[in-house]
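To start, the structure under review is shown below, and the notes come after it.
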Amino acid sequence: MTQDNGPPEPSQLQQRIAAAREREEARTRPDPAKRAMSSGYGMALRLAIEMVAALGVSVFLGYWIDKELGMAPLFMILFLIMGMGAGFINVYRTVSGLTHGSLRGPGDYRRDADKNGGPGGE
Amino acid sequence: MASEATGEGGHSPLAQFEVTKMVDLQIAGLDLHITNSAVWMMAATALVILFTTVFISRRALVPGRMQSLVELSYEFVANMIKDNVGNEGRPYFPFIFTLFMFILACNMLGMLPYSFTVTSQIVVTFGLAFVVFIGVTIIGFVKHGLGFFKFFLPHGVPGFLAPLVIPIEVLSYLIRPVSLGLRLFANLTAGHTMLKVFAGFIVPLGAFYVIPGVIPMAAVIGLTVLEFAIAFLQAYVFAVLSCIYLHDAIHMH
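Residue numbers (the working numbering), protein chains in the order written: chain A, 62 to 183; chain B, 240 to 492.
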């Protein structure tokens, strides 16, 4: 903004606006929250909690159904296996949601930003 | 980070999570005593109310320091909803904003020495998570009627896999509130416990050799900074995940 004096040409102005916008984008893009969320420790804790919650909920549900119906270990085992599946699905969704940087949904500008080289490389 | 003695001449790193009775209150035979947890929750609520009303009462066109802080937090949550839910999410702004500010205030107040971290109680985090879960489920059924059940059969799944996929999807939907609440609880509890454990090394080491006590001290300083980051981050993650669940309920994909 300081290097050239005199009246700026419209085309030049356009360019400068674009450049300034880019700089602003680059400055604000890697916001600390996103960066810290994808740090190794945080990620590991997130995935571990996802898996533990899945198994906990499904075993609890299976145990409760067993107690109500009196079919000792049948539903607990069934729900344990399904819970593993659900846990893996949740873990997969967490991981893929983060690596694509998009929290899904159309019209999500974050996804568009990623296409032209967003955070990447996690 | 409260450091009350456990009674038998020692400091347990877990003593900070003890819920104690502060004010005895009996109304019509009901035991309504106020615990330290309730006191700090009220303090968090008061802080948020103070933050969003008093600081913005001047309404300057060019905002001052505090006013721009309030406006910044408003913009932050508004953008979060716009990015994760879309324009249909705007009616839910007050809820998400309240949720975010309350959790943030609780986490930050928990960083004060001798204070009590409300969000380290699994009851509190599960309560918040189930409010989100039940609310989002109701919104889903109101918006789509019984068509909301189609949410549990993702697009493009072959018919013969449906009996396998639907129970797993239902289960994974039921798991959401638990993992949401557990995440907040685990992060806050683990962080604060770690802080206390490291702090407990300082004096015993420093008493015998002056230098080794410095090492856990440095660790505590580093961890304190990290804890502030986690306090903000977990409030953010909670709010973002609530937004995503809201998105799923409104758009169903």
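Backbone N, C-alpha and C define an ideal beta-carbon position, used for all residues, glycine too.
Reducing DSSP to helix, strand and coil, say where residue i ends up.
| i | result |
| --- | --- |
| Ile378 of chain B | helix |
| Asp270 of chain B | strand |
| Ala97 of chain A | Unreliable placement is indicated for Ala97 of chain A, whose pLDDT of 49 sits below 50; no coordinate value is reported for it. |
| Met145 of chain A | helix |
| Met261 of chain B | strand |
| Leu300 of chain B | coil |
| Phe440 of chain B | helix |
| Phe294 of chain B | coil |
| Met132 of chain A | coil |
| His161 of chain A | Since pLDDT at His161 of chain A reaches only 36, below the 50 mark, its modelled position is unreliable, and the value read off the structure follows with that caveat. It is coil, neither helix nor strand. |
| Met491 of chain B | coil |
| His394 of chain B | coil |
Is it right to say residue i is buried, meaning 16 or more other beta carbons lie within 10 angstroms of its own, or is it exposed?
| i | result |
| --- | --- |
| Asn318 of chain B | exposed |
| Arg422 of chain B | buried |
| His394 of chain B | exposed |
| Ile110 of chain A | buried |
| Ser157 of chain A | exposed |
| Asp322 of chain B | buried |
| Ile342 of chain B | buried |
| Gly420 of chain B | buried |
| Glu86 of chain A | exposed |
| Ala478 of chain B | buried |
| Ala283 of chain B | buried |
| Pro352 of chain B | exposed |
| Tyr484 of chain B | buried |
| Ser72 of chain A | exposed |
Just to confirm, is the Cβ distance from residue i to residue j under 9 angstroms?
| i | j | result |
| --- | --- | --- |
| Val357 of chain B | Ser276 of chain B | yes |
| Gly379 of chain B | Met491 of chain B | yes |
| Ile295 of chain B | Val316 of chain B | no |
| Leu338 of chain B | Leu311 of chain B | no |
| Val404 of chain B | Met280 of chain B | no |
| His272 of chain B | Val287 of chain B | no |
| Ser418 of chain B | Ala114 of chain A | yes |
| Leu253 of chain B | Thr432 of chain B | yes |
| Arg84 of chain A | Thr155 of chain A | no |
| Ser119 of chain A | Gly101 of chain A | no |
| Val396 of chain B | Asp487 of chain B | no |
| Gln255 of chain B | Lys382 of chain B | no |
| Gly430 of chain B | Glu466 of chain B | yes |
Looking only at its own chain, which residues have a Cβ that is under 6 angstroms from the Cβ of residue i, when we skip the five neighbours before and after it?
| i | result |
| --- | --- |
| Phe390 of chain B | Met491 |
| Asn326 of chain B | none |
| Gly452 of chain B | Ile441, Leu444 and Gly445 |
| Phe136 of chain A | Gly123, Ile126 and Asp127 |
| Val371 of chain B | Ser481 |
| Asn426 of chain B | Ile469 and Gln473 |
Looking at the ligand NAD, does it come within less than 8 angstroms of residue i, judged from the CB to the closest heavy atom?
| i | result |
| --- | --- |
| Ser359 of chain B | The ligand NAD is not part of this structure, which contains no ligands at all. |
Below 8 angstroms CB to CB, which residues in the same chain sit around residue i once its five sequence neighbours on both sides are set aside?
| i | result |
| --- | --- |
| Phe369 of chain B | Pro416 and Gly420 |
| Phe332 of chain B | Val316, Ala317 and Ile320 |
| Arg297 of chain B | Gly303 and Gln306 |
- Short-range partners of chain A found in the segment 398–415 of chain B, where Cβ spacing is below 7 angstroms: Listed in sequence order: Pro406, Ile407, Leu410, Ser411, Leu413 and Ile414.
- Message: If the cut-off is 8 angstroms on Cβ atoms, which residues from the segment 111–135 of chain A count as contacting chain B, listed in chain order?
- Response: Glu111, Val113, Ala114, Ala115, Gly117, Val118, Ser119 and Leu122
- For the segment 140–153 of chain A, enumerate the residues whose C-beta is nearer than 9 angstroms to any C-beta of chain B, in chain order. Phe140, Met143, Gly144, Gly146, Ala147, Gly148, Ile150 and Asn151
- Message: Against chain A, which members of the segment 305–323 of chain B pass a CB distance test of less than 8 angstroms?
- Response: Asp322 and Asn323
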